[in-house]
Amino acid sequence: MKTLIRNISSLVGILPEGKARLQGEEMGRVEEIRDAYLLIEDGKIASFGKETDLHEGINEDDDLTLIDAEGGMVMPSFCDSHTHIVYAGSREGEFLDKIKGLSYEQIAANGGGILNSADLLHSTSEEDLYKQASARVEEMIRKGTGAIEIKSGYGLRTEDELKMLRVIRRIKENTPAIVKATFLGAHAVGRGYTMEDYVEAVCEEMIPAVAAEGLADYIDVFCDKGFFSPEDTEKILRKGMEYGLVPKIHANELDVSGGVQVGVKCGALSVDHLERTTDEEIGCLKGTDTMPTMLPGSSFFLGIPFARAKEFIGEGLGIALASDFNPGSSPSGDMRMVMSLGCIRLRLTPSQSFNACTINGAYAMGISREAGSITVGKKANLIITVPGITLTTIPYMYTSPFIRKVILSGKSLNPHEDIWSRITPDFA
Ligand code: NIG
Ligand code: FE
């Protein structure tokens, strides 16, 4: 199966093989080819270059599907490395409380927040949860996301955490997007537990059960004021590592928590949120393999500080941006909006924000060998834009539709048609 995309005004996000992430000054560069073609074979990028270098004989191949980009730009799909899209119902009531002036912490302290979602999830069947989460996946795909990390953490007891992770596994098996699963049992202390008992349950009951079914790739902990301490966080991450789970972390959303340091010490793949960081956190990330990941959608929605993205980059670090799609602090999985907030509120250039949403997002979810850039051999997960779009138009015209077609593993879909029925393994 071959697909040839022709008439591309600009093919952007080209990286050489083996480039896993971009850091410091590199983040400001985006390689492009103008007037380009791209050839897909068996769902992967087989070759690309100037349209004038395309040998005409290729059109005679019987096995070839032609796509005319009609002068649109072609870019890699977004890689959203931090989401909580398996949840039940919504938290609209809390939204109203926030409008009235209650903070995220006050809502949580009143027994709302994550515990509210846990109650709802408990009374929702696995089938229903799957349907609700799948609709979110569909929306994200339409909006240009080709890879999604999904966390558990609204179960907060063994059976319900497993229920969530089984839903994630089913999503993994049934969507054309790349999916990675993260066990976040330590998202909040489940109802009826003391902190001590809960940490014990996460370590001795949940992690072994999750590992026994092979349900997760990563382990995450919410290390923050009012949630898990750096000591308990380390204990949980190390237990997860014993079972082959790679650490990630939620830190410094509500306070300077010490979570970044614990994450780095445990070799975390990413440390996420970072709305409140000091120079010490920036210093501690230098020279490590850990990707600082920022979630400007939650800063926007909660009205909390935006992360110091430019300073991280100025110190030579790479950063990733992700949606944090969840019902409490970021009810949106729109990575284009994230890219826009990267520019408008984090003051990143469009190139920096684009790289943070693509290749560095891929790194933060452990898939930079298969996605996140235009590179021969990577999955053909692509966005074809409407004509007249540049990399700058995307964050600038931040609500205008810019996607004409989405291609996942070489198969194309039109984001305006009803694609839900087509999100199956034989999606074609
Ligand atoms: O990443 N900070 C912790 N977890 C989520 C919010 C979860 C929720 O409120 O439901 C986050 O913002
Ligand atoms: Fe989160």
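Under the numbering used here, think of the first position of the sequence shown as 25, with each following residue one higher. Virtual Cβ for every residue (Gly too), placed ideally from N, Cα, C. Given the structure is predicted, the values throughout are model-derived calculations rather than measurements.
Distance cut-off 6 Å: residue 347 Cβ against heavy atoms of the ligand NIG: Along the sequence shown, read from residue 1 onward, the residue named residue 347 stands at position 323. False, no ligand heavy atom lies under 6 Å from that Cβ.
Cα-Cα separation between residue 260 and residue 177, rounded to whole angstroms: Taking the sequence shown and counting its residues from 1, the one referred to as residue 260 is at position 236. Taking the sequence shown and counting its residues from 1, the one referred to as residue 177 is at position 153. Rounded to whole angstroms, residue 260 to residue 177 spans 14 Å at the Cα level.
Between residue 449 and the rest of its own chain, which residues show a CB-CB distance below 8 Å, the 5 nearest in sequence each way excluded? Sequence index remark: in the sequence shown, residue 449 carries index 425 (1-based). Residue placement at residue 449 is flagged as unreliable, the pLDDT there being 36, under the threshold of 50; the coordinate-derived value follows with that caveat. Correct list, in chain order: 197 and 198.
Measuring straight from C-alpha to C-alpha, what distance separates residue 452 and residue 153? Taking the first residue of the sequence shown as 1, we reach residue 452 at position 428. Taking the first residue of the sequence shown as 1, we reach residue 153 at position 129. Summary for residue 452: the model assigns pLDDT 32, below 50, so the residue's position carries little reliability, and this model does not support an answer.
Taking Cβ positions, are residue 93 and residue 165 nearer each other than 7 Å? Counting from 1 along the sequence shown, the entry for residue 93 is found at position 69. Counting from 1 along the sequence shown, the entry for residue 165 is found at position 141. Their beta carbons are not under 7 Å apart, which means residue 93 does not touch residue 165 by this criterion.
Quick check: is any heavy atom of the ligand NIG less than 6 Å from the C-beta of residue 274? Taking the first residue of the sequence shown as 1, we reach residue 274 at position 250. Yes, Cβ of residue 274 sits closer than 6 Å to a heavy atom of the ligand NIG.
Pull the bridge partners of residue 271 from the DSSP assignment, please. On the sequence shown, residue 271 is found 247 positions in, with the first residue counted as 1. 243, per the DSSP bridge assignment.
Tell me whether residue 111 is buried or exposed, calling it buried when 16 or more other Cβ atoms sit within 10 Å of its Cβ. Taking the sequence shown and counting its residues from 1, the one referred to as residue 111 is at position 87. The residue in question, residue 111, is buried, as its Cβ has 16 or more Cβ neighbours within 10 Å.
Measuring CA to CA, which of 408, 266, 317 and 279 is closest to residue 253? Mapped onto the sequence shown, residue 253 falls at position 229. Answer by Cα proximity: 279.
Tell me where the alpha helix (DSSP H) around residue 234 begins and ends. By one-based count along the sequence shown, residue 234 stands at place 210. 231-236 is the span of the alpha helix (DSSP H), which, as asked, contains residue 234.
Please list the terminal residues of the continuous alpha helix (DSSP H) segment that includes residue 152. Here residue 152 refers to the residue found at position 128 of the sequence shown. Its alpha helix (DSSP H) spans residues 150-166.
Give me the DSSP bridge partner(s) of residue 431. In the sequence shown, the residue the question calls residue 431 occupies position 407. According to DSSP, which records beta bridges pairwise, residue 431 is partnered with 406 and 436.
Report the residue from 387, 35 and 113 whose alpha carbon sits nearest the alpha carbon of residue 143. Position 119 of the sequence shown holds residue 143. That would be 113, whose Cα lies nearest to the Cα of residue 143.
Which residue or residues does DSSP assign as beta-bridge partners of residue 92? Start at 1 with the first residue of the sequence shown, and residue 92 comes out as number 68. Paired residue(s): 30.
Identify every run of the alpha helix (DSSP H) within the segment 356-383, keeping only runs that are complete inside it and at least 4 residues long; order them along the chain. 359-368 and 374-381
Flag this pair as yes or no: are the beta carbons of residue 51 and residue 379 separated by less than 7 Å? Here residue 51 refers to the residue found at position 27 when the sequence shown is read from its first residue. Here residue 379 refers to the residue found at position 355 when the sequence shown is read from its first residue. Going by C-beta atoms, residue 51 is nearer than 7 Å to residue 379.
Is the CB-CB distance between residue 359 and residue 375 below 7 Å? The count along the sequence shown starts at 1 and reaches residue 359 at position 335. The count along the sequence shown starts at 1 and reaches residue 375 at position 351. Cβ distance not < 7 Å, so residue 359 and residue 375 don't count as in contact.
Please confirm if the segment 116-130 is in contact with the segment 185-194, defined as three or more CB-CB distances below 8 Å between the two stretches. Output reads no: the segment 185-194 does not touch the segment 116-130.
Taking its Cβ as the centre, do 16 or more other Cβ atoms sit within 10 Å of residue 390, making it buried, or is it exposed? On the sequence shown, residue 390 is found 366 positions in, with the first residue counted as 1. The residue is buried, with at least 16 neighbouring Cβ atoms inside 10 Å.
Among the residues of its own chain, which have a CB less than 7 Å from the CB of residue 105, if the five just before and after it don't count? Here residue 105 refers to the residue found at position 81 of the sequence shown. If we look at residue 105 and ignore the five residues flanking it on each side, its Cβ neighbours are 173, 294, 317, 344, 346, 385, 388 and 389.
I need the straight-line Cα distance from residue 46 to residue 383, nearest angstrom please. Position 22 of the sequence shown holds residue 46. Position 359 of the sequence shown holds residue 383. Their backbone Cα atoms lie some 7 Å apart in a straight line.
Could you give the distance in angstroms between the alpha-carbon of residue 49 and the alpha-carbon of residue 64? Position 25 of the sequence shown, counted from the start, is the residue given in the question as residue 49. Position 40 of the sequence shown, counted from the start, is the residue given in the question as residue 64. Straight-line Cα distance between these residues: approximately 31 Å.
Nearest CA to the CA of residue 155: which residue from 195, 397 and 265? Numbered from 1 along the sequence shown, position 131 holds the residue referred to as residue 155. Distance from the Cα of residue 155 is smallest, within the candidate group 195, 397 and 265, for 195.
Locate the alpha helix (DSSP H) running through residue 417, then write down its first and last residues. Position 393 of the sequence shown, counting from 1, holds the residue named residue 417. Element bounds for residue 417: 417-420.
If I follow the unbroken alpha helix (DSSP H) through residue 308, where does it start and stop? Taking the first residue of the sequence shown as position 1, residue 308 is located at position 284. Residue 308 -> alpha helix (DSSP H) spans 303-309.
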